[in-house]
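J.: For the protein sequence lines, the chains are R and V, in the order given.
Here the first sequence is numbered in UniProt numbering, starting from 1 and rising by one per residue.
Here the second sequence is numbered in UniProt numbering, starting from 1 and rising by one per residue.
Quick one: this structure, given as structure tokens, is what I'll be asking you about.
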Amino acid sequence: MIRFLLGRLWQSAILLLLVSLIGFMVLHLAPGGPMSRFALTPGMTKETLDRIAEEMGLNRPLIVQYFDWLWSLIQGDWGQSFRDKRDVLAVIGSHLYATLLLMGGSTVISMLLGGWIGVRSAMRQGGSFDYAMTIFCFVALSIPTFWFGLVAIFIFSLWLGWLPAGNMITVGDGSLGDILIHLILPTIVLALVNVAIWARYMRAATLEVLGQDFIRTAKAKGLSPRRIMNKHILGNALVPMITLTGMQLPTLLGGALVTETVFTWPGMGRLFLDSLGYNDYPVVMGLLMFSAILVVVCNLLADVIVALVDPRIRLE
Amino acid sequence: MTDLNQLPNDNVLSVKALSVRLPKGMERSHAVQEISLELKRGEILCIVGESGSGKSVTASTVMGLLPDAMVVERGQIHFGGRDLLQLPEKERRALRGRAIAMVFQDPLSALNPLMTVGDQIEEVLINHKIGDPASRRAKVLSLLGEVGLPDPALMAKQYPFRLSGGQRQRVMIAIALALDPDVLIADEPTTALDVTVQAQILELIKDLQRKKGASVMFITHDFGVVADIADRVIVMEKGRVVEEGTAREVLGNPAHPYTQKLIAAVPRLRETAAEDKAEAAPILQVKNLQKTYRSKSGLWGQERVVKAVDDISFTLRRGETLGVVGESGSGKSSMGKVLMKLIEADAGAILLDGQDIRPMTEAQFRPLRPKMQMIFQDPFASLNPRLSIGTSMTVGPIAHGMDRAQAQTTAIALLERVGLGRAAFDRYPHEFSGGQRQRIGIARALMFEPEIIIADEAVSALDVSIQAQVLQLLAEIQAERHLAMIFITHDLRVASQICDQVLVMNKGRVVELGPPMQIFRNPQEAYSRQLVEAIPGKSF
Chain R
1 MIRFLLGRLW
11 QSAILLLLVS
21 LIGFMVLHLA
31 PGGPMSRFAL
41 TPGMTKETLD
51 RIAEEMGLNR
61 PLIVQYFDWL
71 WSLIQGDWGQ
81 SFRDKRDVLA
91 VIGSHLYATL
101 LLMGGSTVIS
111 MLLGGWIGVR
121 SAMRQGGSFD
131 YAMTIFCFVA
141 LSIPTFWFGL
151 VAIFIFSLWL
161 GWLPAGNMIT
171 VGDGSLGDIL
181 IHLILPTIVL
191 ALVNVAIWAR
201 YMRAATLEVL
211 GQDFIRTAKA
221 KGLSPRRIMN
231 KHILGNALVP
241 MITLTGMQLP
251 TLLGGALVTE
261 TVFTWPGMGR
271 LFLDSLGYND
281 YPVVMGLLMF
291 SAILVVVCNL
301 LADVIVALVD
311 PRIRLE
Chain V
1 MTDLNQLPND
11 NVLSVKALSV
21 RLPKGMERSH
31 AVQEISLELK
41 RGEILCIVGE
51 SGSGKSVTAS
61 TVMGLLPDAM
71 VVERGQIHFG
81 GRDLLQLPEK
91 ERRALRGRAI
101 AMVFQDPLSA
111 LNPLMTVGDQ
121 IEEVLINHKI
131 GDPASRRAKV
141 LSLLGEVGLP
151 DPALMAKQYP
161 FRLSGGQRQR
171 VMIAIALALD
181 PDVLIADEPT
191 TALDVTVQAQ
201 ILELIKDLQR
211 KKGASVMFIT
221 HDFGVVADIA
231 DRVIVMEKGR
241 VVEEGTAREV
251 LGNPAHPYTQ
261 KLIAAVPRLR
271 ETAAEDKAEA
281 APILQVKNLQ
291 KTYRSKSGLW
301 GQERVVKAVD
311 DISFTLRRGE
321 TLGVVGESGS
331 GKSSMGKVLM
341 KLIEADAGAI
351 LLDGQDIRPM
361 TEAQFRPLRP
371 KMQMIFQDPF
381 ASLNPRLSIG
391 TSMTVGPIAH
401 GMDRAQAQTT
411 AIALLERVGL
421 GRAAFDRYPH
431 EFSGGQRQRI
441 GIARALMFEP
451 EIIIADEAVS
461 ALDVSIQAQV
471 LQLLAEIQAE
481 RHLAMIFITH
491 DLRVASQICD
501 QVLVMNKGRV
511 VELGPPMQIF
521 RNPQEAYSRQ
531 LVEAIPGKSF
């Protein structure tokens, strides 16, 4: 187990290094750059521009800038935002809470609802519920998030007026209840696709378990359907779902990008878009590294949990 | 054996005029039709039949585990004064595992992989609300001891994947016998096991049945097993009971033509010596063949080394059949693959017609490939379902340079030779039964006019009557074409029938090599003796 973890840590370090290198280079290949906004300032001279570039360290060769950035990162210094000189970690931290709330809410919904739909569909495979849910899942998987978000705002905010159309709090409020009300629409929109994904995978996993001989053994023992479900079906069907969750959690971050934009939710997705528009390279790189680390950690956690749950799997 | 005339009403279970309908579109309308049978107190009743005879459906119906697609059309199952088919599901459930218990065929998949063995046994006790946690733990340990598992305390904490097939089947038996059921249904409980393990499990079932006085309904396709265990026998064919009687009557003096046919087809240890073919020229000489599997996991994982083929030597002559017998994991299939150069040997020599093929590259060996052909075990998996039989048969020879028209003519002639007729040429694998597909496999192997055929468990998946026909076909073809054959099998009875030499393998090594008379009548080595001892139904 220790050996496995060390091995994975080593692999992850190489992976993160590659991600950072490619990310850094691609970012600097893009036209514009952090200096472009100063260049448009009326009365700006070449000398002043050069001075600013020198102060920000942008006049050095790219490779030097990269290793400089990398060395600081390894030491725990993620750099400062070009925009307001705040520490990148602090900037990310201040947006993390909002995104975690959104991701957490939608993950819980997709696991519970998707899991339930999947199991129920599998138990009555070919039944009307199964058919209806199959159609629902394919519709949900094909709807673009931004469109579904806009339709949801149109119906529930503009038309019915039940829920706020955007933001995380009402100005002057900010109580837990207020946040929860604001959370409902973006969570549902973000969850929709993942409910469908969970339902499909859970259905397949359950069907696979249902076909196993040990389910017949459980019936032959005279176990009640409830006990067979809890002890034998769910236990075995959920193992592959752990791996799925490990892979799906980080992709939620991508989904959050669109959802947060549509609902002006002050999370990391919004931060990413804003920072890109502002050529705020340190923050963009920080977010890139943050999500890469999230991918690595989630997958590693999933592998470890699967190994803990399933005695047949040993991590070596 | 129980006397039939004694206590005529002492039936534990009786099935009356039971019919179970199959879903539409199956080859017949009913899985079982109008069957009646009685299970008497304390007897072992064997239900024998080939695949599709309805024997497992009968067991599932009694157990109440029929798949949803099958419907009980009519009939009664009397147990404990009640008709099981009229009971509400909740009451039937209360009987399952307690009054009627079942052991299944494949012990590898019949246990929940995520629960310890102890927990899975205890679950039956918990479910039927027996005892308290402490007394249940004690009962689990005593059950594990009763079914002959070593160190019950340790065993209870193990997960199924750590146990061998035989051990898992013992756990299944412990689960089934946990609450001293009146009826134990065993559905092919030893079919997936090696012969020596099979013999132990049969002994265990007999022993526990005697001790606990349970009645056993034992479902099997193997008349050898029947001869070893049955008090009474019921023979089923296509969903109907065709014969019923004591084991002695049915086995010794079968009345129904179908039973007679089945019993005649059962492979038996051959009494006579094979004619001596020592004069014929050797076609294949194998010297000190070695193959070691090494598996490593991860960057620093520990290496696992398995010697699959360990210093094997033998000579195969033209027209001769060499039987390679051994239990699972003995390396017999690995040896077949090494000979075919499907996997590379590590050391040794394979002299094909005097020429060592072992060091050859694939390109060098390719022109020689037609000389050696293989017939595989699974007739369902070894034919590409999307290719017509004709295409499957001709694609190889055409790639080796045979003229298309000639390939077709040869294929059709061979299909006729194996008894399928020219119409089979344009049809697809799913249209054929297991036995027919194995005939196709033989025809395909013959396309190249090989000198050696390696048959890896070629008849193991087939019912006995079909098995006998395919063996007969192989023997005829071998005689016609003067072929040499390596016949890999786990079934010593089959090996004794068609082999001139028998090679007993264990853990990759040759245990004993000799004519069948020596191996089966007078084995020299302890391991071969043990294998022969374990053959079911020797008396029969």
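Don't be surprised by glycine CBs; every beta carbon is placed ideally from N, CA and C.
1) For residue 59 of chain R, name the three-state secondary structure that DSSP assigns.
2) Taking the continuous beta strand (DSSP E) assigned at residue 119 of chain V, which residues delimit it?
3) Name the residues in the region 52-83 of chain V whose C-beta lies less than 7 Å from a C-beta of chain R; which are they?
4) Would you identify the three-state DSSP class for residue 389 of chain V, choosing helix, strand or coil?
5) When DSSP builds the beta bridges, which residues end up paired with residue 215 of chain V?
6) Under a CB-based cut-off of 8 Å, is residue 113 of chain V close to chain R?
7) Going by DSSP, what residue range makes up the beta strand (DSSP E) through residue 72 of chain V?
8) Quick check on DSSP: helix, strand or coil for residue 293 of chain V?
9) In chain R, what lies closer than 7 Å to residue 175 of chain V by C-beta?
10) Check the C-beta distance from residue 501 of chain V over to residue 515 of chain V and give it rounded, since I have them as a contact under 8 Å.
11) Please go through the same chain and pick out, in chain order, the residues whose beta-carbon is closer than 8 Å to the beta-carbon of residue 138 of chain R, but skip the five residues on each side of it.
12) Are the Cβ atoms of residue 92 of chain R and residue 290 of chain R separated by less than 8 Å?
13) Hey, quick one: how far does the alpha helix (DSSP H) through residue 269 of chain R stretch, first residue to last?
14) Considering only their Cβ atoms, is the gap separating residue 464 of chain V from residue 153 of chain V smaller than 8 Å?
15) Which residue marks the beginning of the beta strand (DSSP E) containing residue 89 of chain V, and which one marks its end?
16) Roughly how far, in whole angstroms, is the beta-carbon of residue 201 of chain V from the beta-carbon of residue 189 of chain V, given that I think they are within contact range, below 8 Å?
17) Could you pull the DSSP bridge partners for residue 349 of chain V from this structure?
18) Which residues in the same chain have their Cβ closer than 6 Å to the Cβ of residue 54 of chain V, if we skip the five residues on either side of it in sequence?
19) Got a sec? Which residues, its chain only, sit under 7 Å from residue 337 of chain V by beta carbon, not counting five neighbours each side?
20) Using Cβ-Cβ distances below 9 Å, what residues of the region 201-214 of chain R are close to chain V?
21) Identify the continuous beta strand (DSSP E) that holds residue 281 of chain V and give its terminal residues.
22) Can you name the start and end residues of the alpha helix (DSSP H) that residue 30 of chain V belongs to?
23) For residue 529 of chain V, go through chain A and note every residue whose CB falls closer than 8 Å to its CB, in chain order.
24) May I ask which residues mark the beginning and end of the beta strand (DSSP E) holding residue 150 of chain R?
25) Nearest CA to the CA of residue 271 of chain R: which residue from R/140, R/89 and R/63?
26) Going by CA-CA distance only, name the one from V/435, V/383 and V/231 that's closest to residue 462 of chain V.
27) Applying a beta-carbon distance threshold of less than 8 Å, which residues of chain V neighbour residue 310 of chain R?
28) Can you tell me which of V/47, V/49 and V/307 puts its alpha carbon nearest to the alpha carbon of residue 508 of chain V?
29) Identify which residue in V/128, V/137 and V/104 has its Cα closest to the Cα of residue 117 of chain V.
30) Report the neighbours of residue 102 of chain V on chain R: residues whose CB is nearer than 7 Å to its CB, in chain order.
31) Under the rule that 16 or more other beta-carbon atoms within 10 Å means buried, what is residue 430 of chain V, buried or exposed?
32) Find out if the Cβ-Cβ distance for the pair residue 178 of chain V, residue 46 of chain V is shorter than 8 Å.
33) Consult DSSP for residue 197 of chain V and reduce its assignment to one of helix, strand or coil.
34) Evaluate the contact criterion for the region 62-72 of chain R versus the region 250-258 of chain R: three or more CB pairs, one atom per stretch, below 8 Å.
35) Establish whether the CB of residue 235 of chain R and some CB of chain V are separated by less than 8 Å.
36) Considering just the uninterrupted stretch of the beta strand (DSSP E) at residue 364 of chain V, what are its terminal residues?
T.: So, from the listed chains and residues:
1) coil
2) Counting along the chain, residue 119 of chain V falls outside any beta strand (DSSP E), though it belongs to the alpha helix (DSSP H) covering 117-127.
3) 63 and 65
4) helix
5) V/183
6) So yes, residue 113 of chain V belongs to the interface.
7) 71-79
8) strand
9) 221
10) 6 Å
11) 196
12) For residue 92 of chain R and residue 290 of chain R, yes; Cβs fall inside 8 Å.
13) 268-277
14) Cβ distance not < 8 Å, so residue 153 of chain V and residue 464 of chain V don't count as in contact.
15) Not the beta strand (DSSP E): residue 89 of chain V falls in the alpha helix (DSSP H), residues 89-95.
16) 6 Å
17) Its beta-bridge partners are V/287.
18) 31, 32, 236 and 239
19) 343
20) 212, 213 and 214
21) No beta strand (DSSP E) holds residue 281 of chain V; DSSP gives it neither H nor E.
22) Looking at the DSSP string, residue 30 of chain V is not in any alpha helix (DSSP H); the run it does join, the beta strand (DSSP E), is 30-40.
23) The structure shown contains no chain A; its protein chains are R and V.
24) From DSSP, residue 150 of chain R is part of no beta strand (DSSP E) but of the alpha helix (DSSP H) over 145-152.
25) R/89
26) The candidate whose alpha carbon is nearest that of residue 462 of chain V is V/435.
27) 113 and 114
28) V/307
29) Distances from the alpha-carbon of residue 117 of chain V to those of V/128, V/137 and V/104 put V/137 closest.
30) Within chain R, 220 have C-beta atoms less than 7 Å from the C-beta of residue 102 of chain V, given in sequence order.
31) exposed
32) no
33) helix
34) no
35) yes
36) Element bounds for residue 364 of chain V: not the beta strand (DSSP E) but the alpha helix (DSSP H), 362-365.
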